Amino acid sequence: MNNNEEPVVPVKKARNIKKEILIREKKVKGEAHINHKGKVIEAKKVGPDCKYKRYKCFSDTHLAGLLRTSPVKQRRSRRAEINHSDSESGDDKLHPKFLHTVAFSYIVRVKTEPSSKYVGVKICRDAFLSLHGITRARLRRIQNLLAHTNGSPLNKRGQHQNRPNKTPPELDFLIQQNIKSFPARQSHYFIRKNPQRFYLHETLTVKEMYRSLLEKYRIRVSYKVYWLVFTTQFNIMFGLPRTDTCTMCDMLRQNIEANKNEQEGKKLAAEKELHLRKTEAFYSLKRKWKQEARTNKATVISPDFMQNLPLPHIRTNTVSYARQLWYFMFEVPDLSDDSASIKRKEKVTVETPQEWDDIMVTCWSKPSPFDMINVDQSNLFDLKKAVEPYFLKTPKPPLKLKTFRIYKISIEDPNIALIRESYSGLWGRCWIRNKTQIPTEFALTSSYAGPINVNPLKIKSLIDLCPTLSIVENRAFYESFMQNREEQPSQNTEIDSEDNSSGCESE
């Protein structure tokens with residue numbers, strides 16, 4: 001092709017529009033068209049001016065027409081007999097439904113000034129028809145409904161049964177049975193909030209389910225029909241939520257699936273239902289106290305250990321088999337604010353505790369500022385030894401800590417502890433204070449008399465990892481553990497059993 005020649009642009013093929021869609025579009029726009037019966041329908045247009053002097057027409061204002069009814073004030077009858085042949089001609093005064101039953105007035109709402117409100121202005125019938133572009137027959141039908149039913153006309157479109165493209169019920173049933181044939185399970189945490197939600201395996205897709213239907217029944221059905229049934233008649237998502245599930249729930253679920261005895265199965269199902277109700281009672285109580293915290297009536301905290309992070313956290317393959325230090329995190333969130341958020345799934349390399357500190361402070365986007373406190377050995381106290389003189393060694397009556405779910409000690413009566421064995425049961429009373437020997441001072445002692453010894457094998461493993469560190473200055477942190485340490489482990493040193501840091505990510 002020469003440079004002087006113009007490029008040839010292919011002409012696009014005109015898109016064929018269905019007749020029913022074309023008619024519907026013309027009808028909505030008010031344009032002239034030919035309906036399904038072949039009748040020519042004229043375009044809607046504003047009618048002629050009524051030229052009445054009493055009610056002036058407003059054709060250039062945005063109007064909203066209203067019909068108002070009132071009882072007929074004329075008491076003298078105009079006609080005693082009705083000529084039905086004349087009433088069909090369109091004269092409303094001869095129609096039997098409008099003889100001395102109700103009178104209509106026609107109102108439009110206009111603005112007299114740009115800053116003023118809409119006001120109702122009475123106009124004549126012909127002006128009302130012209131402004132709205134409707135026929136007299138349509139207005140008569142609306143008047144009939146207002147006069148005899150006191151209600152506006154109902155939209156009955158789409159209520160017919162003439163649907164040639166509707167999916168047959170037999171095909172709909174086959175699609176439902178195919179979807180139900182795939183094993184599904186419910187979520188552990190949201191079974192109460194959304195009991196109808198089920199989860200399929202994360203490797204499964206709707207396309208694969210659709211192909212299995214075609215292979216099994218050898219029928220012709222589109223993927224769109226299968227997708228509509230899947231999304232409108234089922235509440236299913238993909239992915240099995242198995243993270244951090246309840247031990248009791250998992251045990252009961254496995255026993256129910258493996259059980260073949262009907263009586264034993266009913267007993268296990270009842271036990272699971274009781275366990276779920278106790279769980280719901282706990283979360284209801286938690287939501288109640290969270291609401292109390294939002295209204296500043298109480299301070300509610302929820303202490304929790306977060307994920308332990310390894311030191312160093314590097315990509316060297318030998319770190320998977322090495323003994324490492326661990327960075328422990330203890331979280332104390334305030335339940336009055338649920339807006340806490342953290343940046344997750346960041347791939348980082350960490351070699352010192354200070355680097356973990358910087359990541360923890362910067363990854364929190366809410367709340368801001370985020371308070372972080374480094375706890376060293378000097379901040380660890382023996383609280384049990386400090387409060388032991390104030391309480392009885394054995395409460396009266398005796399009880400075990402694992403037997404109750406809630407305990408409450410109030411300032412009004414600190415000698416008594418109120419306990420509950422369930423989240424919604426009755427309160428019990430227990431005497432806990434020791435009044436015979438009460439010390440005059442509250443003394444806190446350190447939990448450790450000296451520095452905490454580190455396993456020499458772990459120290460040796462850390463020293464072996466030092467050459468793989470990217471920053472040479474970070475090696476001094478691990479080499480400091482070699483001071484005053486023996487190369488061989490002593491008899492009093494406990495060997496760590498959890499040294500594998502694989503699977504730990506900065507989250």
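If you're matching positions, the sequence shown starts at 1 in the UniProt record's numbering and goes up one per residue.
Yeah, the Cβ is synthetic: ideal placement off N, Cα and C, and Gly gets one too.
Only a predicted model underlies this, so the values are computations on that prediction, with no experimental measurement involved.
Beta-carbon proximity of residue i to residue j, cut-off 7 Å
i    : j    : result
L200 : A184 : yes
I432 : A417 : yes
N434 : L399 : no
L311 : Y321 : no
I419 : G425 : no
T316 : T468 : yes
Y106 : R136 : no
F238 : E202 : yes
P395 : C430 : yes
F282 : I236 : no
E25  : A32  : no
L213 : N178 : yes
L252 : K278 : no
V40  : I34  : yes
K44  : G30  : yes
Q143 : F104 : yes
W356 : L325 : no
Whole-Å CB distance - residue i paired with residue j, under 8 Å assumed
i    : j    : result
I314 : E351 : 7 Å
D382 : T445 : 5 Å
T403 : E421 : 6 Å
V119 : V110 : 7 Å
L380 : Y478 : Their Cβ separation, rounded to whole angstroms, is 23 Å, which puts L380 and Y478 out of contact at 8 Å.
V108 : L131 : 7 Å
V361 : M372 : 6 Å
V348 : L465 : No, V348 and L465 are not in contact; Cβ-Cβ is about 17 Å, not under 8 Å.
Residues bridged to residue i [DSSP beta-bridge criterion]
i    : result
K290 : DSSP output for K290 lists no bridge partner at all.
K396 : W431
Y199 : R185, M237
D337 : Per DSSP, none; premise fails for D337.
V350 : H313
I34  : V40
I301 : D334
S447 : None; S447 has no bridge partner.
F391 : R433
For residue i, the first and last residue of its enclosing alpha helix (DSSP H)
i    : result
R136 : 136–148
R475 : 475–479
I179 : 169–180
Y226 : 223–232
L252 : 247–258
Y217 : 206–217
L22  : 19–29
T362 : 353–363
S115 : S115 -> no alpha helix (DSSP H), and no H or E assigned at all.
V387 : 383–387
I463 : 456–465
Start and end residues, beta strand (DSSP E) containing residue i
i    : result
P310 : 309–311
A103 : 103–111
F238 : 236–238
A417 : 416–420
V121 : 118–123
K408 : 406–408
L401 : Element bounds for L401: n/a, residue is neither H nor E.
L325 : 325–327
CB contact below 7 Å: residue i versus chain C
i    : result
K272 : Within the model displayed, chain C is absent; a lone protein chain is all it includes.
Report yes or no: do the region 214–233 and the region 264–276 share at least 3 C-beta pairs separated by less than 8 Å? At 8 Å Cβ cutoff, the stretches do not touch.
contact_flag[the region 286–294, the region 313–333] where n(CB pairs < 8 Å) is 3 or more: With a cut-off of 8 Å, the region 313–333 and the region 286–294 do not count as touching, because too few Cβ pairs lie within range.
Across the region 453–467 and the region 476–483, are there enough close Cβ pairs to call them in contact, namely three or more that are closer than 8 Å? At 8 Å Cβ cutoff, the stretches touch.
Do the region 218–227 and the region 162–180 meet, that is, are 3 or more Cβ pairs less than 8 Å apart? Taking a cut-off of 8 Å on C-beta distances, the region 218–227 touches the region 162–180, as three or more cross pairs fall below it.
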